[in-house]
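**Q**
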Amino acid sequence: MKTALKVVENVFNKQELRLWSDEAGEESHSLHYAISYPESIKPEAVRFFVERFSQRGEVVLDPFCASGATALEANMLGRVAVLSDANPFAIRIAQAKASATDITDVTLRLQQINMRRPVDVKAFDQNFSPFFDVDTFREVVNLKSFLHGDSDRTARFIELIACGLLHGHTAGYFSVYSFPHLSLSPQEQHELNLKRGQVPDYRSVIPRILRKTAAVLRDGIPSAMRQSEIRNQYLVSDARDLSRLASDSINLVVTAPPLPNFRDPTRDMWLRLWFMGLKADSLPGSAFAHNNLQSWLDFMNETLLELSRVTRRGGRIVLDLAEAQFNDTKVCLAESVAAMVDKDLCRFLEAEALLIHKGRSVALKHKINERSDARSKKNSRVLVLRRR
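Reminder that position 344 of the sequence shown reads as 344 in the numbering used here, one-by-one numbering, no gaps.
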């Protein structure tokens, strides 16, 4: 049963509600689990607010798109999505999810690849031998080279699936036992191999891609999603500068801003970056790494000012915010942002509600993958702002 949204006049009069279901057996759409990516907004939260604050055909923006949960939920509900992120890796995987293709197209495309073609193995001993058998490495390199010569939706979707399988903790991954969420350094993986007494074994790439594709597409591709996603926009840009978006063009913003002391998790994914042909220096770096509350609030001030420009009057900006720790003191970021809005941005925005989702204190789990992040382990605190 859905809980009705109760708007309160005073944002500090918190409402503790069961906003969405956390029950086992009510997992999100299987496409959400194509790749492990931490610090993503929960799909259930996106769906809850998209259903309540927008209509079919309207435009939903996520300026910190991370793994693309907002686009998937918005498209499946018949809304158009605009995704922005300073991280090109995030945009790449978010777009691949939203424009997923069916398993027949994936199978036909994979049949075109010569996985036995000889490759240069000079870098193998130095960087990749702790992870892969040499024949597995050859198949991974041939797949990488083939995909880089094509940029259609099928190629990008295969790239997404393969990225999620590069390294992990079961036989379904390309690598010997490793961590699924981040890429260990070659030395760290070598030490893990010694500790576990393991040696990389041959793991055929194509069967694993097809198996994972079938799992990711288990719930199908809804027709509403296909009809909506062709109008999506994807921007590699700072949330404080959305100049490619027209003023008053967005009906709803749903996002989880980077928290203070944020460290881009992609910097710990060097194998995925290598596979996609991305360089670490293309990542946003320390632009969002604010180690004190005032610096972070200044960042949010600039971000909300830009979001108020692109959001239509009467539209909402929904912020999923957790508590932060400063000098052993817990700070409710939602309350801090609400106070900042009331002081500095009241001409454009008003704090409409602070909602606390009282859910089960467990990490989100799924049959395909396991995902855990700081937001899923705590009660979600959601600040709803209204564009004046």
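Every residue gets a Cβ at the ideal spot worked out from N, C-alpha and C, and that includes glycine.
Between the Cα of residue 354 and those of 335, 293 and 154, spot the shortest distance and give me the residue it belongs to.
**A** Ranking 335, 293 and 154 by Cα distance to residue 354 puts 335 first.
**Q** Check the C-beta distance from residue 107 over to residue 205 and give it rounded, since I have them as a contact under 8 Å.
**A** About 14 Å; that fails the 8 Å criterion.
**Q** Which value, in whole angstroms, describes the spacing of the CA atoms of residue 389 and residue 216?
**A** For the chain, the structure presents residues 1 to 388; residue 389 sits outside this window and is missing.
**Q** Pairs of beta-carbons, one from the region 246-257 and one from the region 98-115, closer than 8 Å: are there three or more?
**A** No: the two stretches stay apart, fewer than three of their Cβ pairs being nearer than 8 Å.
**Q** Pairing CB atoms from the region 182-191 with CB atoms from the region 64-83, are three or more of them under 8 Å?
**A** No contact exists between the region 182-191 and the region 64-83.
**Q** With a CB to CB cut of under 7 Å and the five nearest residues on each side skipped, what residues in its chain are close to residue 154?
**A** Taken in chain order, the residues that qualify are 101, 105, 106 and 109.
**Q** Roughly how many angstroms separate the alpha carbons of residue 300 and residue 85, rounded to a whole number?
**A** Approximately 15 Å, taken between the alpha carbons.
**Q** What is the rounded straight-line gap between the Cα of residue 234 and the Cα of residue 83?
**A** If I take the Cα positions, the gap works out to 5 Å.
**Q** Could you have a look at residue 27 and say whether DSSP puts it in helix, strand or coil?
**A** Coil at residue 27, not helix or strand.
**Q** Just curious, the beta strand (DSSP E) that residue 58 is in, first and last residue?
**A** Taken as a continuous stretch (DSSP letters only), residue 58 belongs to no beta strand (DSSP E), as it is neither H nor E.
**Q** Enumerate in chain order the residues of its own chain whose CB-to-CB distance from residue 368 is below 7 Å, with the five nearest sequence positions on each side excluded.
**A** The predicted model places residue 368 with a pLDDT of 33, which falls under 50 and marks its position as unreliable, so this point remains unresolved.
**Q** Is it buried or exposed, residue 121, if we count other Cβ atoms within 10 angstroms and call 16 or more buried?
**A** Result: exposed.
**Q** Take the Cβ of residue 180 as the centre, count every other Cβ of all protein chains shown within 10 Å, and call the residue buried at 16 or more, exposed below.
**A** Its Cβ being crowded by 16 or more others within 10 Å, residue 180 is buried.
**Q** From the DSSP secondary-structure annotation, give me the bridge partner or partners of residue 433.
**A** Residue coverage of the chain in this structure runs from 1 to 388, which leaves residue 433 outside it and unanswerable.
**Q** Sort 170, 208, 128 and 133 by Cα distance to residue 162 and report the nearest one.
**A** Here the closest residue by C-alpha is 208.
**Q** Comparing C-alpha positions only, which one of 337, 309, 230 and 293 sits nearest to residue 319?
**A** The residue with the shortest Cα to Cα distance from residue 319 is 337.
**Q** Which first and last residues belong to the alpha helix (DSSP H) in which residue 301 is found?
**A** From DSSP, the alpha helix (DSSP H) with residue 301 extends over 293-310.
**Q** Tell me the residue span of the beta strand (DSSP E) that contains residue 251.
**A** It spans 250-255 - the beta strand (DSSP E) in which residue 251 sits, taken as one unbroken run.
**Q** Within this structure, are the beta carbons of residue 66 and residue 232 separated by less than 7 Å?
**A** Going by C-beta atoms, residue 66 is not nearer than 7 Å to residue 232.
**Q** DSSP three-state label for residue 112, please.
**A** Coil.
**Q** Let me check understanding here. Comparing Cα to Cα, which of 385, 321 and 357 lies closest to residue 341?
**A** Among 385, 321 and 357, the Cα nearest to that of residue 341 belongs to 385.
**Q** For residue 476 and residue 170, what's the separation of their Cα atoms in angstroms?
**A** A question about residue 476 goes unanswered here, because the residues of the chain that appear run from 1 up to 388.
**Q** Could you give the residue range of the alpha helix (DSSP H) that holds residue 32?
**A** No alpha helix (DSSP H) holds residue 32; DSSP gives it neither H nor E.
**Q** I need the straight-line Cα distance from residue 250 to residue 172, nearest angstrom please.
**A** If I take the Cα positions, the gap works out to 41 Å.
**Q** Label residue 95 either buried or exposed according to how many other C-beta atoms from any shown protein chain fall within 10 Å of its C-beta, with 16 as the threshold for buried.
**A** Burial call: buried.
**Q** Would you be able to state if there are at least three C-beta pairs under 8 Å between the region 237-244 and the region 32-52?
**A** As far as the Cβ criterion goes, the region 32-52 does not touch the region 237-244, which means the pair count is below three.
**Q** Leaving out five residues on either side along the sequence, give the residues of the same chain with a beta carbon under 7 Å from the beta carbon of residue 88.
**A** Around residue 88: 236, 278 and 282.
**Q** Is it true that the CB of residue 35 sits closer than 7 Å to the CB of residue 393?
**A** Outside the displayed range of the chain (1 to 388) lies residue 393, so it cannot be described from this structure.
**Q** Go ahead and label residue 387 buried or exposed: buried means 16 or more other beta carbons lie within 10 angstroms of its beta carbon, across all protein chains shown.
**A** Residue 387 comes out buried.
**Q** Does the Cβ of residue 62 have 16 or more other Cβ atoms within 10 Å, making it buried, or fewer, making it exposed?
**A** With 16 or more Cβ atoms within 10 Å of its Cβ, residue 62 is classed as buried.
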